[in-house]
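Residue numbers (the numbering used here): 3 to 611.
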Ligand code: G6P
């Protein structure tokens, strides 16, 4: 949510700021801005409502070769998307970009209105004015002014600050909103996400909460807010350029759907031993005794991560004896007075590792003394650093706002964690072997399903472009998969899509079936197949417009459209069906002409509550 970039060095700052913002645009895209400062302290501020291209249009008239600057792409929290509310915000001679929320901005603003003429409705301008009040026209070092201001702030922030009076330095700080400093040769770069730094440097310092850094082109001095020096660790950025480019695809979403055979292989690498029917996860760091004693799992996530947890819970319950699994939505759970029994472990699921509600749950759960295990993608992210142990899903950067490849790998990573518990509890190998075998086979099966069905799904999607309502249906493991399918369609094509357990149909949703709706039913073969077929018939009897996704080759009910998946997979079929849902959402959105990768009102990483 929102993106920050900063540059100080010997090159043209505007170039890096714009290219960096484009890389971060998926995080927020309702307005953007940059400021650069010349050697003699002249600032050039350019801001625009809308996407980065709007900013670029303005840039051509304001091109300069300043060597220091900061930039921001915004997802509005305080104040509507507009040029005035776009960052950077100015107060006196300082400029500030900010991710996060200043919770006590009202109190602070009340103190500052007499000394600062507020031009926006943002909490960020309040922070700028506060810093400026301590800066006192450059009478105090900028870094000291920033520290004094931050000590009064309640809330979350990742910030970068520059001053016309000190045009060779920048101050950055973080509390609850990520900030990475790229270490270059005669240049230092700043970003809220390492992807903006890729191609510029491989070395980065990830700031921790409560740290502030004074940066010049060849120095980085990190301290805590209490002025204790921090010896910051320089880490390697693992992402490469190809991972953050579209690679010939029209959209990141399609690229990310199509790369699932490879991304899942990365999740499995070194963790699955088919010959010996075992899985090994090093990251959780739990001893065999600790694994054996687990009686309860709490799985926490938001959005797609929550659905991944739900689907994984169905599987874990099937093969792990005497264990209960509770899957919770982070934004709810953080405020519940939930009792967590002894011998519990919490799985904290997050692609970005930065989602505010998920992070808050992690901290609450830790306070209760429960062991936390991260199922995270973004390496070095806040959640990854705060959990007691974890399993990275290693799917590479996921740039499209709608999550696809992360979902598949999150499910399997959690199932593998379940399998390690089952192994420790000495569950019979004959029970676990089919799961392990299928997990190992999944990447190739995914490749097959994507290849066989892409064009079919595209054609089917084109027939439903004019519908505004959809119902997704499934039973057992197909139900969480249906939920995820509905979320995908809703997120990017703005169709009012909701999922129901087939068994719930008669308790309400059946009343909806009419010509305004179409229905997508997930029908995996298995013990509940016949029951699901009866449910399909109930919808057909009401003239429902039904699409069925199934692996049952003999399925022959007169539904409007069928996607028949050919696969050897029996257990993880709902994951394969979800590929069809992903493609369906993608092609529907393309046909509707909407922005696939950056759907309206949403952002990739929700770092505010
Ligand atoms: C946002 C994204 C979703 C994602 C959810 C949780 O809503 O748009 O795609 O599932 O956040 O994100 P996380 O990074 O915690 O998995």
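Note that beta-carbon positions come from the ideal geometry of N, C-alpha and C, so glycine has one too.
Point to revise | Same chain only: Cβ atoms within 7 Å of residue 387, ignoring 5 sequence neighbours per side | key: The count along the chain shown starts at 1 and reaches residue 387 at position 385. Closer than 7 Å at the Cβ level, and outside the excluded window around residue 387, lies no residue.
Review point. In terms of residue numbering, what span does the alpha helix (DSSP H) encompassing residue 434 cover?
Key: Taking the first residue of the chain shown as 1, we reach residue 434 at position 432. 431-464 is the extent of the alpha helix (DSSP H) around residue 434.
Review point. Below 8 Å, can you find three or more Cβ-Cβ pairs linking the segment 227-243 to the segment 574-581?
Key: no
Review point. What did DSSP end up calling residue 177 once you bin it into helix, strand or coil?
Key: Your numbering for residue 177 matches position 175 in the chain shown. Of the three classes helix, strand and coil, the one that applies to residue 177 here is strand, per DSSP.
**Study point:** CB contact flag (residue 316, residue 479, <8 Å)
**Key:** The residue labelled residue 316 in the question sits at position 314 within the chain shown. The residue labelled residue 479 in the question sits at position 477 within the chain shown. For residue 316 and residue 479, yes; Cβs fall inside 8 Å.
Review point. Ends of the alpha helix (DSSP H) at residue 373?
Key: Taking the chain shown and counting its residues from 1, one reaches residue 373 at position 371. Residue 373 -> not in any alpha helix (DSSP H); beta strand (DSSP E) instead, spanning 373-378.
Review point. Shortest alpha-carbon distance to residue 548 belongs to which of 528, 532, 524, 185?
Key: Here residue 548 refers to the residue found at position 546 of the chain shown. That would be 524, whose Cα lies nearest to the Cα of residue 548.
Practice item. List in chain order: all unbroken beta strand (DSSP E) runs of 3+ residues lying wholly within the segment 192-275. Key: 205-208, 213-218, 221-226
Practice item. Look up residue 328 in the DSSP assignment and give the residues it is bridged to. Key: For the purposes of this step, residue 328 is taken as the residue at position 326 of the chain shown. According to DSSP, residue 328 bridges with 300.
Exercise for review: Mind the definition here: the segment 483-494 touches the segment 507-521 only if three or more C-beta pairs lie below 8 Å; say whether that holds.
Suggested key: no
Review point. Can we say the segment 527-539 touches the segment 552-565, given the rule of at least three CB pairs closer than 8 Å?
Key: yes
Review point. Does the beta carbon of residue 61 fall short of 7 Å from some heavy atom of the ligand G6P?
Key: Locating residue 61 in the chain shown gives position 59, counting from the first residue. No, the ligand G6P has no heavy atom inside 7 Å of this Cβ.
Point to revise | Continuous beta strand (DSSP E) stretch holding residue 74: start and end | key: In the chain shown, the residue the question calls residue 74 occupies position 72. Counting along the chain, the beta strand (DSSP E) containing residue 74 begins and ends at 70-76.
Review point. Which residue or residues does DSSP assign as beta-bridge partners of residue 33?
Key: If you number the chain shown from 1, residue 33 lands on position 31. DSSP output for residue 33 lists 51, 76 as bridge partner(s).
Review point. For residue 91, does the three-state DSSP call read helix, strand or coil?
Key: Position 89 of the chain shown, counted from the first residue, corresponds to residue 91. Looking at residue 91 - three-state DSSP - the assignment turns out to be strand.
Review point. Mind checking whether the beta-carbon of residue 269 lies closer than 7 Å to any heavy atom of the ligand G6P?
Key: The residue given as residue 269 occupies position 267 in the chain shown. Result no, Cβ not under 7 Å from the ligand G6P.
Check your understanding: Between residue 298 and residue 326, which are expected to be in contact by the criterion C-beta below 8 Å, what is the C-beta distance as a whole number of angstroms?
Key -> Mapped onto the chain shown, residue 298 falls at position 296. Mapped onto the chain shown, residue 326 falls at position 324. Correct: roughly 5 Å between the Cβ atoms.
Check your understanding: Three-state secondary structure (DSSP) at residue 295?
Key -> The sequence position of residue 295 within the chain shown is 293, counting from 1. The answer is helix: DSSP assigns residue 295 an H, G or I state.
Exercise for review: Less than 8 Å between the CB atoms is what I'm expecting for residue 45 and residue 97, so what's the real figure, rounded?
Suggested key: As a working note, residue 45 is residue 43 in the chain shown. As a working note, residue 97 is residue 95 in the chain shown. Sure, about 7 Å apart at Cβ, within 8 Å.
Check your understanding: Is residue 599 buried or exposed, if buried means 16 or more other CB atoms sit within 10 Å of its CB?
Key -> Within the chain shown, the letter at position 597 stands for residue 599. The residue in question, residue 599, is buried, as its Cβ has 16 or more Cβ neighbours within 10 Å.
Exercise for review: Taking only heavy atoms of the ligand G6P into account, decide whether any of them is closer than 7 Å to the Cβ of residue 583.
Suggested key: Here residue 583 is taken as the residue at index 581 of the chain shown, counted from 1. For the ligand G6P, not one heavy atom lies less than 7 Å from the Cβ of residue 583.
Exercise for review: Assign residue 352 to one of three DSSP states: helix, strand, or coil.
Suggested key: In the chain shown, residue 352 corresponds to position 350, counting from 1. In this structure, residue 352 counts as strand in the three-state DSSP scheme.
Point to revise | Length at least 3, wholly inside the segment 524-587: the beta strand (DSSP E) runs in chain order | key: 548-552, 563-566
Exercise for review: Grab the span of the alpha helix (DSSP H) containing residue 10 for me, first residue to last.
Suggested key: As a first step, residue 10 is located in the chain shown; it is residue number 8 there, counting from the start. Segment 5-10 is the beta strand (DSSP E) holding residue 10; no alpha helix (DSSP H) there.
**Study point:** Nearest residue (CA-CA) to residue 155, options 125, 337, 455, 26
**Key:** Taking the first residue of the chain shown as 1, we reach residue 155 at position 153. Out of 125, 337, 455, 26, 125 has the C-alpha closest to the C-alpha of residue 155.
Review point. Beta carbon of residue 236, beta carbon of residue 145: below 8 Å?
Key: Locating residue 236 in the chain shown gives position 234, counting from the first residue. Locating residue 145 in the chain shown gives position 143, counting from the first residue. Cβ distance not < 8 Å, so residue 236 and residue 145 don't count as in contact.
**Study point:** Quiz: which residues have CB nearer than 6 Å to the ligand G6P non-hydrogen atoms
**Key:** 304, 305, 306, 307, 352, 353, 354, 357, 360, 403, 404, 405, 604, 606, 607, 608
Review point. Which residues mark the beginning and the end of the beta strand (DSSP E) in which residue 406 is found?
Key: What you label residue 406 is simply residue 404 of the chain shown in a count that begins at 1. Unbroken run through residue 406: none, as it is neither H nor E.
Point to revise | Terminal residues of the beta strand (DSSP E) in which residue 500 lies | key: Walking along the chain shown from the start, residue 500 turns up at place 498. 498-503 is the span of the beta strand (DSSP E), which, as asked, contains residue 500.
Check your understanding: Under 8 Å between the Cβ atoms of residue 70 and residue 38?
Key -> The sequence position of residue 70 within the chain shown is 68, counting from 1. The sequence position of residue 38 within the chain shown is 36, counting from 1. Going by C-beta atoms, residue 70 is nearer than 8 Å to residue 38.
Point to revise | Short Cβ contact (8 Å threshold) for residue 276 with residue 439 | key: Counted from its first residue, the chain shown places residue 276 at position 274. Counted from its first residue, the chain shown places residue 439 at position 437. It is a contact, given that the beta carbons lie within the stated cut-off.
Review point. With distances taken from CA atoms, which of 414, 517, 208, 17 is nearest residue 175?
Key: By one-based count along the chain shown, residue 175 stands at place 173. Closest by alpha carbon: 208.
Point to revise | residue 358 vs residue 562 beta-carbon contact at 8 Å | key: One-based indexing of the chain shown puts residue 358 at position 356. One-based indexing of the chain shown puts residue 562 at position 560. Result no, Cβ atoms of residue 358 and residue 562 do not sit closer than 8 Å.
Check your understanding: In terms of residues, what are the limits of the beta strand (DSSP E) holding residue 472?
Key -> Here residue 472 refers to the residue found at position 470 of the chain shown. It spans 471-476 - the beta strand (DSSP E) in which residue 472 sits, taken as one unbroken run.
Check your understanding: How is the beta strand (DSSP E) around residue 165 delimited, first residue to last?
Key -> Within the chain shown, residue 165 is the residue found at index 163, counting from 1. Residues 159-165.
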